[in-house]
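Going line by line, the protein sequences match chains A and B. Sequential numbering from 752 applies to the first sequence in my numbering. Sequential numbering from 10 applies to the second sequence in my numbering.
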Amino acid sequence: MDARSQSPRYHFLAFPIVGALLAALPFALHNNYYIGVMVFIGIHTILALGLNLLMGYAGQVSLGHAAFYGIGAYTTAILTTMLKWPPWVGLACAPMVAGLAAYLIGMPTLKLKGHYLAMATLGFGMIVKILFVEYYPLTGGTSGMTGIPPLSLGKLQLVDDRQFYYVVWFFALMLIWVSYNIVESRVGRALRAVHTSEIAAASVGVDIAKYKIQVFVLSGVYSGLAGALYAHYIRFVNPDPFGFMFSIQLVVMVVVGGMASIWGAIAGASAITLLSQVLQRFEDYEVIVFGAILVLVMIYMPQGLTKSIVDLTARRRSAKPSKPEVLP
Amino acid sequence: MDLTSQILQYVLSGITVGAIYAIIALGFSLIYNAVEIVNLAQGEFVMLGAMLAVYVLQAAGVPLFAAVLIAIVVVGGVGALLGLAAIHRLKKSSPLSLIIITIGASIFFKGVAMHLWGKDALPLPAFSSGDAIEVHGAVLVPQSLWIFGITALMLLGVYIFYERTSFGKAMRAVAVNKHGARLVGINVNRMVVWAFAISAALGAVGGIIVAPVTLASYDMGTMLGLKGFCAAILGGLGSGGGAIAGGLILGILENLGAGLISSAYKDAIAFVVMLLILFVRPSGLFGGRSADGR
Chain A
752 MDARSQSPRY HFLAFPIVGA LLAALPFALH NNYYIGVMVF IGIHTILALG
802 LNLLMGYAGQ VSLGHAAFYG IGAYTTAILT TMLKWPPWVG LACAPMVAGL
852 AAYLIGMPTL KLKGHYLAMA TLGFGMIVKI LFVEYYPLTG GTSGMTGIPP
902 LSLGKLQLVD DRQFYYVVWF FALMLIWVSY NIVESRVGRA LRAVHTSEIA
952 AASVGVDIAK YKIQVFVLSG VYSGLAGALY AHYIRFVNPD PFGFMFSIQL
1002 VVMVVVGGMA SIWGAIAGAS AITLLSQVLQ RFEDYEVIVF GAILVLVMIY
1052 MPQGLTKSIV DLTARRRSAK PSKPEVLP
Chain B
10 MDLTSQILQY VLSGITVGAI YAIIALGFSL IYNAVEIVNL AQGEFVMLGA
60 MLAVYVLQAA GVPLFAAVLI AIVVVGGVGA LLGLAAIHRL KKSSPLSLII
110 ITIGASIFFK GVAMHLWGKD ALPLPAFSSG DAIEVHGAVL VPQSLWIFGI
160 TALMLLGVYI FYERTSFGKA MRAVAVNKHG ARLVGINVNR MVVWAFAISA
210 ALGAVGGIIV APVTLASYDM GTMLGLKGFC AAILGGLGSG GGAIAGGLIL
260 GILENLGAGL ISSAYKDAIA FVVMLLILFV RPSGLFGGRS ADGR
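Here it is, written out as structure tokens:
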């Protein structure tokens, strides 16, 4: 499928190129606002990467992934403000707690399929959001938690957008590399087998349940890290960004970026993050336009932006209609 | 109030709101049976029904029942449009992209409603005046009786539609086997559009009868829709009887839980119940997951 077309050599080249472009970008952007947007694209890329491993490779849907993002953010917020732990320790604990939460909810949930799995993860997301709002001794309720310390390198406190940009993209690129290695490994092949046909995968000896839970925990870990980065960047958390709508946005990032495409995560995260920035200018019309775009993209490009554009150019070149997707 | 009448009060309010969940769950099941789409825009049909009824009543100055009828018909039409958009992609799309289409539609409807009618909650007059009725120390507003009655009528109507009319039987045939239905000359696409229209109209009815109790606002639909979905899962997705039982059980549990344990976590109860049933018995209390539309 998609991942097969990403040959190791192509990837080997893409990595330093994208890395160099990202490293140079802050010098081209003089407006700090754009740097801030880029930080969010980085955070969203990490989230989309994790969700893409789950959705694109293992074929499992989650409509509640904002919960793990929130758990990561609140974990580091609670550890660094209430217990006064160092920020880097909070940042390290957040993915672990989110991963643990993913393990606990994944064990009973991943037995479900299709719509049932989608609704179970949706329910989980709703419950976690309600906990953030209502369990105020720990979370501060709707008013949230302030005073989260910034990350620091030695004596240098990373409070500047440009500094934080490099931190976020360091993690994002590292996780792209990790994801790529997972996908190209035995585990990745097993995951794709599970996606194509669970029965066939099981019959050749793939332990489906084990792989599903592993990738679910892994995507929880990614989301937890993204949440912690968010918390130390904004240095304030409240329940608003971790609701149902954001879970949906994450799914859309994965779909728009292209399922089962590692680099697509950057494309999807960029497209949706930039779109919501642009739509803010429409004020009241923002949600209407977002909803309409969602429907139209799903109707006309269900394969995602990257794949649709690639298909379109390929079609132009070969001047004959591309065949429907045939599984290898 | 002693504990018995307190519990009775929770149960009565539970049935009132549970009846609404039941109607919404029934709408879910209708569409799920016909096309296996989980229509997450169902809650927005509830909202559109309530808001349109309020709007038509105020703007056109027609009697209440006329405003209600207009609202139901218009929302049914909106549902049919969504159905058309869905079947356009039906053969080529994964369930996920269909879910996202319905979510996109729900965001769109919500945005349009907010833009047209503002963010304030609007009142719809109760269907009949009269004082609250006291039952063993618990209080019941007359609108609750309307809700019980209309819900029962709706359920009966859906039952008769499926069991006694050839149109309803054709829709059941589509649910059981699309190819088979097509072979005997049933226009499957038309049935899907009708399933969306009927389920949207049902949702609108739910919104209209609850609006005098809860007020109508642009954001009332999402939570009602999701809880209606919990009810459908609880009763068994695709089962009509299960949808009703699931709705009532969920409404009662929610009110008992909020009253006796903690009102702060009221909204979480429905989702906890849904998760538990999914873990223990994913086919729901009454579902064999057979899509026979009853």
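Even for Gly, the Cβ is constructed at its ideal location relative to N, Cα and C.
Please list, in chain order, all residues of the same chain as residue i whose beta carbon is under 7 Å from its beta carbon, the five residues on each side excluded.
i        : result
L1045(A) : V1003
K1071(A) : Legend: pLDDT at K1071(A) = 45, less than 50; position of this residue unreliable, value from coordinates given subsequently. Closer than 7 Å at Cβ, skipping near neighbours: no residue.
L805(A)  : Q811, S813, V966, F967, S970
G876(A)  : L814, G815, A817, A818, F995, S998
L243(B)  : G255, I258, L259, V282, M283, I286, G293, L294
E1037(A) : L1030, Q1031
I794(A)  : V919, A977, L980, Y981
What are the boundary residues of the alpha helix (DSSP H) that includes residue i?
i        : result
A273(B)  : From DSSP, A273(B) is part of no alpha helix (DSSP H); its letter is neither H nor E.
V1007(A) : 995-1008
S106(B)  : 104-126
L889(A)  : 887-890
T174(B)  : Looking at the DSSP string, T174(B) is not in any alpha helix (DSSP H), and its letter there is neither H nor E.
A62(B)   : 51-69
Q18(B)   : 12-44
A240(B)  : 230-244
I1017(A) : 1015-1030
L1080(A) : Lying before the first or after the last residue shown, residue 1080(A) is absent from chain A, which here runs from 752 to 1079.
K187(B)  : 187-192
I794(A)  : 783-803
E949(A)  : 949-954
A1043(A) : 1037-1051
Hey, quick one: how far does the beta strand (DSSP E) through residue i stretch, first residue to last?
i        : result
I142(B)  : 142-144
A1080(A) : The shown model of chain A, from 752 to 1079, leaves out residue 1080(A), and the question about it has no answer.
What are the partner residues of residue i, as DSSP defines its beta bridges?
i       : result
V219(B) : Beta-bridge pairing links V219(B) to no other residue.
T897(A) : F987(A)
Q908(A) : S903(A)
L149(B) : I142(B)
L131(B) : A225(B)
Any beta carbon of chain C sitting closer than 8 Å to that of residue i?
i       : result
G120(B) : Here chain C cannot be found, since the structure's protein chains are A and B.
Considering only residues of the same chain and omitting the five flanking positions on each side of residue i, which have a CB-CB separation below 6 Å?
i        : result
S756(A)  : Bear in mind that a pLDDT of 47 at S756(A), under 50, signals an unreliable position, so the model cannot answer this.
K236(B)  : Y30, A279
A151(B)  : Rather than Ala, the amino acid found at residue 151(B) in this sequence is Pro. So the qualifying residues of the chain are S137, G139.
T1024(A) : F791, I792, H795
S1021(A) : I792
V63(B)   : L131, L133, A225
Whose C-beta lies closer than 8 Å to the C-beta of residue i among residues of the same chain, with five residues either side of it excluded?
i       : result
E143(B) : L149
K963(A) : A809, Q811, G857, L861, V945
N186(B) : none
**Message:** Short of 7 Å Cβ to Cβ, which residues in the segment 870-886 of chain A face chain B?
**Reply:** Here the close residues are M870, A871, G874, F875, M877, I878, I881, E885.
**Message:** For the pair the segment 282-293 of chain B and the segment 34-52 of chain B, tell me if three or more CB-CB distances fall below 8 Å.
**Reply:** Contact between the segment 282-293 of chain B and the segment 34-52 of chain B is not established, with fewer than three Cβ pairs separated by less than 8 Å.
**Message:** Can you pull out the residues from the segment 278-290 of chain B whose beta carbon lies closer than 7 Å to at least one beta carbon of chain A?
**Reply:** So the list reads F280, V281, M283, L284, L287, F288, given in the order they occur along the chain.
**Asked** Are the segment 247-255 of chain B and the segment 36-47 of chain B touching, with three or more C-beta to C-beta distances below 8 Å?
**Response** Touching, yes.
**Touching by the beta-carbon criterion (3+ pairs, under 8 Å), the segment 84-96 of chain B and the segment 198-216 of chain B** = Yes, the segment 84-96 of chain B touches the segment 198-216 of chain B.
**Message:** Does the segment 888-897 of chain A come into contact with the segment 980-989 of chain A, if we say contact requires no fewer than three beta-carbon pairs (one atom in each stretch) closer than 8 Å?
**Reply:** Flag = yes, the segment 888-897 of chain A and the segment 980-989 of chain A touch.
**Asked** Between the segment 134-150 of chain B and the segment 1025-1033 of chain A, do three or more beta carbon pairs fall short of 8 Å?
**Response** Under the 8 Å Cβ criterion, the segment 134-150 of chain B does not count as touching the segment 1025-1033 of chain A, having fewer than three qualifying pairs.
**Request:** Could you please tell me which residues of the segment 847-868 of chain A, in chain order, have their CB closer than 7 Å to any CB of chain B?
**Result:** With the criterion set as a beta carbon lying under 7 Å from some beta carbon of chain B, the members of the segment 847-868 of chain A are P859, L863, G865, H866, Y867, in sequence order.
**Request:** Could you please tell me which residues of the segment 80-97 of chain B, in chain order, have their CB closer than 7 Å to any CB of chain A?
**Result:** The segment 80-97 of chain B vs chain A, Cβ under 7 Å: A94, H97.
**Asked** Is there contact between the segment 900-919 of chain A and the segment 67-81 of chain B, where contact requires at least three CB pairs shorter than 8 Å?
**Response** Short answer: they don't touch.
**Prompt:** For the segment 1000-1018 of chain A, which residues have a CB atom closer than 8 Å to at least one CB atom of chain B, in sequence order?
**Reply:** Here the close residues are V1002, V1003, V1006.
**Request:** Compile a chain-ordered list of the residues in the segment 156-181 of chain B whose CB is closer than 7 Å to at least one CB of chain A.
**Result:** Within the segment 156-181 of chain B, no residue has a Cβ lying closer than 7 Å to any Cβ of chain A.
**Message:** Within 8 Å, do at least three Cβ pairs link the segment 843-860 of chain A to the segment 884-891 of chain A?
**Reply:** Contact fails: fewer than three Cβ-Cβ distances are below 8 Å.
**Message:** Using a Cβ distance threshold of 8 Å, determine whether the segment 773-785 of chain A contacts the segment 827-838 of chain A, with at least three qualifying pairs required.
**Reply:** No, the segment 773-785 of chain A does not touch the segment 827-838 of chain A.
**Request:** Determine contact between the segment 933-947 of chain A and the segment 906-917 of chain A, defined as no fewer than three beta-carbon pairs at a distance below 8 Å.
**Result:** With a cut-off of 8 Å on Cβ pairs, the segment 933-947 of chain A is not in contact with the segment 906-917 of chain A, counting fewer than three such pairs.
**Request:** Below 9 Å between beta carbons is the criterion; list the residues of the segment 1024-1038 of chain A that meet it against any residue of chain B, in chain order.
**Result:** So the list reads D1035, Y1036, E1037, V1038, given in the order they occur along the chain.
**Message:** Under 8 Å, with one C-beta from each stretch per pair, do the segment 168-181 of chain B and the segment 11-23 of chain B reach the 3-pair mark?
**Reply:** The segment 168-181 of chain B makes no contact with the segment 11-23 of chain B; the number of CB pairs closer than 8 Å stays below 3.
**Asked** Given a limit of 8 Å on CB to CB distance, which residues of the segment 199-228 of chain B reach chain A?
**Response** So nothing in the stretch comes that close.
**Message:** Please identify, using Cβ separations under 8 Å, the residues of the segment 110-144 of chain B that lie next to chain A, in order along the chain.
**Reply:** Hits within the stretch, in order: I110, I112, G113, A114, S115, I116, F117, F118, K119, G120, V121, M123, H124.
**Request:** Quick one: which residues of the segment 32-50 of chain B get their C-beta closer than 7 Å to a C-beta of chain A? List them in chain order.
**Result:** Against chain A - using a Cβ distance shorter than 7 Å - the residues of the segment 32-50 of chain B are V47.
**Prompt:** Is the segment 172-191 of chain B touching the segment 60-76 of chain B in the sense that three or more CB pairs, one from each, lie closer than 8 Å?
**Reply:** By the Cβ test, the segment 60-76 of chain B is not in contact with the segment 172-191 of chain B, since fewer than three Cβ pairs between them sit closer than 8 Å.
**Request:** Decide yes or no for the touch test of the segment 124-136 of chain B against the segment 223-237 of chain B: beta carbon pairs closer than 8 Å, at least 3 of them.
**Result:** With the cut-off at 8 Å, the segment 124-136 of chain B and the segment 223-237 of chain B touch.
**Request:** May I ask you to list, following chain order, the residues of the segment 963-974 of chain A that have a beta carbon less than 9 Å from some beta carbon of chain B?
**Result:** Within the segment 963-974 of chain A, no residue has its Cβ closer than 9 Å to any Cβ of chain B.
**Prompt:** For the segment 813-835 of chain A, which residues have a beta carbon sitting closer than 7 Å to at least one beta carbon of chain B?
**Reply:** For the segment 813-835 of chain A, which is checked against every Cβ of chain B, not one residue is closer than 7 Å.
**Prompt:** Quick one, which residues of the segment 245-256 of chain B are near chain A if we go by CB-CB under 9 Å, in chain order?
**Reply:** L246: these are the residues of the segment 245-256 of chain B whose beta carbon lies less than 9 Å from some beta carbon of chain A, given in chain order.
**Asked** Any chance the segment 921-938 of chain A sits against the segment 766-775 of chain A, with 3 or more Cβ pairs inside 8 Å?
**Response** Contact holds: three or more Cβ-Cβ distances are below 8 Å.
**Message:** Beta carbons nearer than 7 Å to chain A: which residues of the segment 58-70 of chain B have them?
**Reply:** For the segment 58-70 of chain B, which is checked against every Cβ of chain A, not one residue is closer than 7 Å.
**Positions along the segment 1039-1054 of chain A whose CB lies within less than 7 Å of some CB in chain B** = For the segment 1039-1054 of chain A, which is checked against every Cβ of chain B, the residues closer than 7 Å are I1039, F1041, G1042, A1043, L1045, V1046, M1049, I1050, P1053.
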